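A.B. asks:
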Amino acid sequence: MTDHVREDIRLLGRVLGRVIAQQEGEEIYQLVESTRRMAFSVARGEAQASDLLAIFRDMDITKANLVARSFSYFALLANIAEDLDDESVPAPASLAKTLEKLKNSDISPAEAATVVREGTVVPVLTAHPTETRRRTVFDVQTRIKALLKQRKWASEEERAEIDREIHLRMTLLWQTALIRISRPTIEDEVDVGLRYFKLSLLKQVPALNRAIKDGMKEAFGLQLPDLSMVQMGSWVGGDHDGNPFVNASTLEYATSKASETVLRYYEAQVGKLEREISLSDRYSSCSKELMELADKGRNDVPSRVDEPYRRALHGVRGRVRATMGQGDFEPYATPAELLAELEIVDRSLRQFNDDVIADDRLARLRSAVTTFGFHLYTIDLRQNSDSFCAVLTELFALAGLSEDYASLSEPAKVDLLVRELQQPRPLLFPGASGLSEDTEKELGIFATASQAVKKFGPKSVSSCIIAMTGAVSDILEPMVLLKEVGLEGVNVVPLFETIDDLKSAAPILEQLWSVPFYRDYLRKRGDVQEVMLGYSDSNKDGGYLSSNWALYDAELELVELCKKHGVELRLAHGRGGAVGRGGGPTYDAILAQPKGAVQGSVRITEQGEVISAKYGSPVTARRHLEAFVAGALEASLLDTEGIAEPERAYSVMREIADLAGHKYKELIGDPGFIEYFTQSTPLHEIGDLNLGSRPAARKQTTAISDLRAIPWVLSWSQSRTNIPGWFGVGTAVTTWAGEDDKRWEELAELYRTWPFFRSVLSNMAQVMAKAEIKLARLYADLVDDKAIADRIYSMIASEYELTRSVYLRITGNEDLTGENPRQARSLKRRYPYLLPLNAVQLELLRRYRAGDDSFLVSKTIQVTMNGLATALRNSG
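What follows is the structure in structure tokens.
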């Protein structure tokens, strides 16, 4: 941590302390300070965590609440200082560095141009954010960050004014509730996602597309047209897998608000152009087509008579407003119409030596229209295969085609589905009645998607993702529903999630491609098959290493299958923010894919605090997006795998992953595991945290498989064990390598040369460094059955130490943060401030479960969860 970060944290800490003293009194301030001193003693090993816990035993709940709030706010402030510092550190990956690598390789300009023109890099904002902060809190943080930035270059007098405003903002923040009173609606989540477009993405995504175009010209001498390689996607409002609150109304809201957001941006930019391009025909010339456009601009103000560009742009602005349903100009039917008129302005400027004007705001606007169209982002529909089956069972029965479709054999299902897909008539006739509520809702979502495509363009809704794909019929079923509403052009994307599903992915696709109707469908789509891989369910199913290898192995099989059948593979990755859900640096993750798995295109889901960290400012958004593009280009065009004997490496990994999976299943298969998990973590309390609109579980059950990934990962991070990010690796590696020094050296060589293995171990070390196994012992004490508590905790603690030693031996690092000194400094700084949050949480969980479910007890538990998630930055 640089001196600047340390100074900023100390400044913010002093201001926070002053606010606490002013608002709550000297007694509370001294209580917070004494707690802080005890936490530092624990951190230095001079006291035990149980000594800190003892401070809160039977403490008045109001005081405990104030202590929890104090340390939660400190976590927020530490994030502000570190985020500000991150913006000044050179990015590990950039477009310029990657283009230089490509230029110095044997890649031909034509190969590079094909990838850039035809590839797509799509971050997808997901429908279940784990963002624990309210918008109000986010806005205050943003302002304090801006003030700190100003402060570095301010005079003494200016600093005094800045410090006064920081004090003001901190006072407002202290008296603002960190936790939402009510659970956010889908509409709230849509608005939160759109916040990041206004903060950064509306400008940075088109800017990066222009930079790619300019970079290709500089590196390869290629003059490419305007690009839209980087695009945006979203699940918000369209992901109805297990979310009963998603319906036709939420999808309509999501698509309409997205379009409104981008059209308002266009209107503002055209308005600025109208003011800026004040060229008078007394001093400059314009083209005939520009003059014709000016004559249609309907601006008869006398002062504009000699300003054709202003009159032309007045008309363009009027048409943009009309496209939003305002004014009496003719609306644009398509983005291409808007782009055509902007290009008239562009050609005229260039024709008369005004390139410098054309290359400014007008170029940025043209790039934005090319990138975003009228849709802004592509919304994916997602639903699980069981739901699609249930809807068609009802529809087929109503149409007299099958009494019980769900009970048919797989071949019979496929036969019926193909016959129906080849029928020109609709499955249901208009006005059909007698449908169940669930089926009405599903059909309503598809009908609304069809309306969105007609209104905002084909990219408004372009994919239908089938969760829990397990058979060919699962993929054909939504195609029938899409045909019913005229959306045959929408991409059907199988999502393979569990370990078994991942193993079945290639065989299922091979069976699918043997169906003549589907193979013809694929051929009409340019022989491109998109497949989505799920990280969180595979992790819950098989553990960290087993899951990571199952994903990689599935990709290897899919790549070979596509080569065999002449099909282009496009992969979408369902990654969450936490390592247990596939999280970690995006650039490294893309390079860690098998050769051939990234063919210019990659889609990766992003969510929660990861979204705010990456897209909360223009600087961080640009850095992240560049890393995304850099990874995609390098993985597509360069040999990034780097291992001398791939088949040997794969064989080693299969053996180790299998051993890791056995160890993980030994843990979750223990008869006391469910009791340990539910009682030693705040699992049940997480449901009240109002993180997002989705329920914590798909259905009421105690099965881990039905639990959503967010509470699964968040629960373990709160109890400071982080099991989803490491468990089983230690046993697996030591069992495989034993006392054989050659095997240990083989693993060390794989770590040095294979991006996949290096990424797996690096991400694992990152999440292990945030664990605190001794503190987890206190969480184990919450378990009623002490024998279960001792047994399960001992398994976790011994496996943690074994995994840590394995990591150090393979990598040669001295500790878990050896690769990441910035993280080491951050954790060292934060650690003492995390301890009080855990201590308060432990005490209040004890009270809550003993029957004290008063408002302040439950809310303070939520405050501690919020604070820990904020400080650890891996909530979901």
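Sequential numbering of the sequence shown, starting at 4, is according to the working numbering. Virtual Cβ for every residue (Gly too), placed ideally from N, Cα, C. Quantities reported herein were computed from a predicted structural model and do not represent experimental measurements.
What are the boundary residues of the beta strand (DSSP E) that includes residue 576?
C.D. replies: Working through the sequence shown from its first residue, we reach residue 576 at position 573. Counting along the chain, the beta strand (DSSP E) containing residue 576 begins and ends at 571-577.
A.B. asks: Tell me the rounded alpha-carbon separation between residue 699 and residue 663.
C.D. replies: Here residue 699 refers to the residue found at position 696 when the sequence shown is read from its first residue. Here residue 663 refers to the residue found at position 660 when the sequence shown is read from its first residue. Reliability of the predicted coordinates at residue 699 is poor, the pLDDT of 49 falling under 50, and no value is obtained from them.
A.B. asks: I'd like to know if the region 441-454 and the region 505-516 are in contact, where contact means that at least 3 CB-CB pairs between them fall below 8 Å.
C.D. replies: Short answer: they don't touch.
A.B. asks: In whole angstroms, what is the alpha-carbon distance linking residue 639 and residue 801?
C.D. replies: Here residue 639 refers to the residue found at position 636 when the sequence shown is read from its first residue. Here residue 801 refers to the residue found at position 798 when the sequence shown is read from its first residue. Their backbone Cα atoms lie some 41 Å apart in a straight line.
A.B. asks: If we count Cβ pairs, one from each stretch, closer than 8 Å, do we get three or more for the region 864-878 versus the region 837-848?
C.D. replies: Yes, they touch.
A.B. asks: From residue 876 to residue 140, what distance separates their C-alpha atoms?
C.D. replies: Counted from its first residue, the sequence shown places residue 876 at position 873. Counted from its first residue, the sequence shown places residue 140 at position 137. Their Cα atoms are separated by approximately 16 Å.
A.B. asks: Are the region 588-595 and the region 630-638 touching by the rule of at least three beta carbon pairs closer than 8 Å?
C.D. replies: These segments touch.
A.B. asks: What is the DSSP secondary structure of residue 646, reduced to helix, strand or coil?
C.D. replies: Your numbering for residue 646 matches position 643 in the sequence shown. Residue state, collapsed to three classes: coil.
A.B. asks: Which residues share a DSSP beta bridge with residue 535?
C.D. replies: Taking the sequence shown and counting its residues from 1, one reaches residue 535 at position 532. Residue 535 is bridged to 498 and 575.
A.B. asks: Secondary structure at residue 94, three-state DSSP: helix, strand or coil?
C.D. replies: The residue labelled residue 94 in the question sits at position 91 within the sequence shown. Coil.
A.B. asks: Ordered along the chain, which non-local residues of its own chain (more than five positions away) have a Cβ less than 6 Å from that of residue 488?
C.D. replies: By one-based count along the sequence shown, residue 488 stands at place 485. For residue 488, where only same-chain residues beyond five positions count, the Cβ hits under 6 Å are 449, 450 and 453.
A.B. asks: Alpha carbon to alpha carbon, how far is residue 56 from residue 727? Give it in angstroms, no decimals.
C.D. replies: Stepping through the sequence shown from its first residue, residue 727 is reached at position 724. Stepping through the sequence shown from its first residue, residue 56 is reached at position 53. Going by the C-alpha atoms only, they are around 26 Å apart.
A.B. asks: Give every residue of the same chain whose Cβ lies closer than 6 Å to the Cβ of residue 733, excluding the five residues on either side of it in the sequence, and list them in chain order.
C.D. replies: Along the sequence shown, one-based indexing puts residue 733 at 730. Taken in chain order, the residues that qualify are 802, 805, 806 and 809.
A.B. asks: Quick one: complete alpha helix (DSSP H) runs, 4+ long, within the region 279-332?
C.D. replies: Runs found: 291-298 and 311-326.
A.B. asks: So who's on the other strand from residue 606, going by DSSP bridges?
C.D. replies: Along the sequence shown, read from residue 1 onward, the residue named residue 606 stands at position 603. Note: residue 606 sits in a beta bridge opposite 125 and 575.
A.B. asks: Helix, strand or coil for residue 409? Go by DSSP, reduced to three states.
C.D. replies: As a position in the sequence shown, residue 409 is number 406, starting the count at 1. In the structure shown, residue 409 sits in a helix (DSSP, three-state: H, G or I).
A.B. asks: Identify every run of the beta strand (DSSP E) within the region 357-423, keeping only runs that are complete inside it and at least 3 residues long; order them along the chain.
C.D. replies: Runs of the beta strand (DSSP E) inside the region 357-423: 381-387.
A.B. asks: Could you give the distance in angstroms between the alpha-carbon of residue 426 and the alpha-carbon of residue 258?
C.D. replies: The residue you call residue 426 lines up with position 423 of the sequence shown. The residue you call residue 258 lines up with position 255 of the sequence shown. The straight-line gap from Cα to Cα measures roughly 30 Å.
A.B. asks: Which of helix, strand or coil does DSSP assign to residue 233?
C.D. replies: Within the sequence shown, numbered from 1, the residue matching residue 233 stands at position 230. Three-state result, residue 233: strand.
A.B. asks: Helix, strand or coil: which one does DSSP assign to residue 242?
C.D. replies: Within the sequence shown, numbered from 1, the residue matching residue 242 stands at position 239. Strand.
A.B. asks: Report the residue from 603, 142 and 554 whose alpha carbon sits nearest the alpha carbon of residue 115.
C.D. replies: What you label residue 115 is simply residue 112 of the sequence shown in a count that begins at 1. Closest by alpha carbon: 603.
A.B. asks: Can the beta-carbon of residue 270 be found closer than 8 Å to that of residue 320?
C.D. replies: Start at 1 with the first residue of the sequence shown, and residue 270 comes out as number 267. Start at 1 with the first residue of the sequence shown, and residue 320 comes out as number 317. Cβ atoms of residue 270 and residue 320: closer than 8 Å.
A.B. asks: Just the Cα atoms here: how many angstroms apart are residue 584 and residue 161?
C.D. replies: Position 581 of the sequence shown, counted from the first residue, corresponds to residue 584. Position 158 of the sequence shown, counted from the first residue, corresponds to residue 161. Here the model assigns residue 584 a pLDDT of 42, short of 50, so the residue's position is not dependable, and the following value carries that caveat. Straight-line Cα distance between these residues: approximately 45 Å.
A.B. asks: If you follow the beta strand (DSSP E) that residue 468 is in, where does it begin and where does it stop?
C.D. replies: For this step, residue 468 is matched to residue 465 along the sequence shown. It spans 466-470 - the beta strand (DSSP E) in which residue 468 sits, taken as one unbroken run.
A.B. asks: Where residue 89 and residue 221 are concerned, what is the direct C-alpha to C-alpha distance, given to the nearest angstrom?
C.D. replies: Along the sequence shown, one-based indexing puts residue 89 at 86. Along the sequence shown, one-based indexing puts residue 221 at 218. Cα to Cα, the separation comes out at about 29 Å.
A.B. asks: Please say whether residue 730 and residue 785 have beta carbons closer to each other than 8 Å?
C.D. replies: What you label residue 785 is simply residue 782 of the sequence shown in a count that begins at 1. What you label residue 730 is simply residue 727 of the sequence shown in a count that begins at 1. No, the pair does not count as a contact, with Cβ atoms beyond the cut-off.
A.B. asks: Could you tell me whether the Cβ atoms of residue 606 and residue 576 are closer together than 8 Å?
C.D. replies: The residue you call residue 606 lines up with position 603 of the sequence shown. The residue you call residue 576 lines up with position 573 of the sequence shown. Yes, the pair counts as a contact, with Cβ atoms nearer than the cut-off.
A.B. asks: Output the boundary residues of the alpha helix (DSSP H) element that contains residue 519.
C.D. replies: In the sequence shown, counting from the first residue as 1, residue 519 sits at position 516. 519-527 is the span of the alpha helix (DSSP H), which, as asked, contains residue 519.
A.B. asks: Using the three-state DSSP reduction, which class does residue 334 fall into: helix, strand or coil?
C.D. replies: Here residue 334 refers to the residue found at position 331 of the sequence shown. It is coil, neither helix nor strand.
A.B. asks: Compare the beta carbon distance of residue 296 and residue 347 with 8 Å and say whether it is the shorter of the two.
C.D. replies: Counting from one through the sequence shown, the residue named residue 296 turns up at place 293. Counting from one through the sequence shown, the residue named residue 347 turns up at place 344. It is a contact, given that the beta carbons lie within the stated cut-off.
A.B. asks: List the whole-angstrom C-beta distance separating residue 790 from residue 783, where the pair is believed to meet the contact cut-off of C-beta under 8 Å.
C.D. replies: Here residue 790 refers to the residue found at position 787 when the sequence shown is read from its first residue. Here residue 783 refers to the residue found at position 780 when the sequence shown is read from its first residue. With a Cβ gap of about 11 Å, residue 790 and residue 783 do not count as contacting.
A.B. asks: Roughly how many angstroms lie between the CA atoms of residue 830 and residue 846, to the nearest whole one?
C.D. replies: Numbered from 1 along the sequence shown, position 827 holds the residue referred to as residue 830. Numbered from 1 along the sequence shown, position 843 holds the residue referred to as residue 846. Cα-Cα distance, rounded: 24 Å.
A.B. asks: Which word fits residue 192, buried or exposed, when buried means at least 16 other C-beta atoms lie within 10 angstroms of its C-beta?
C.D. replies: By 1-based counting over the sequence shown, the position of residue 192 is 189. Classification of residue 192: buried, given that the 10 Å Cβ count is 16 or more.
A.B. asks: On a Cα-Cα basis, can you pick out the residue from 106, 83, 91 and 24 that is closest to residue 70?
C.D. replies: Residue 70 sits at position 67 when you count from the first residue of the sequence shown. Answer by Cα proximity: 24.
A.B. asks: Can you tell me where the alpha helix (DSSP H) with residue 719 in it begins and where it stops?
C.D. replies: Taking the sequence shown and counting its residues from 1, the one referred to as residue 719 is at position 716. Looking at the DSSP string, the run of the alpha helix (DSSP H) that includes residue 719 is 712-721.
A.B. asks: Give every residue of the same chain whose Cβ lies closer than 7 Å to the Cβ of residue 164, excluding the five residues on either side of it in the sequence, and list them in chain order.
C.D. replies: Locating residue 164 in the sequence shown gives position 161, where the first residue counts as 1. Here the set comprises nothing.
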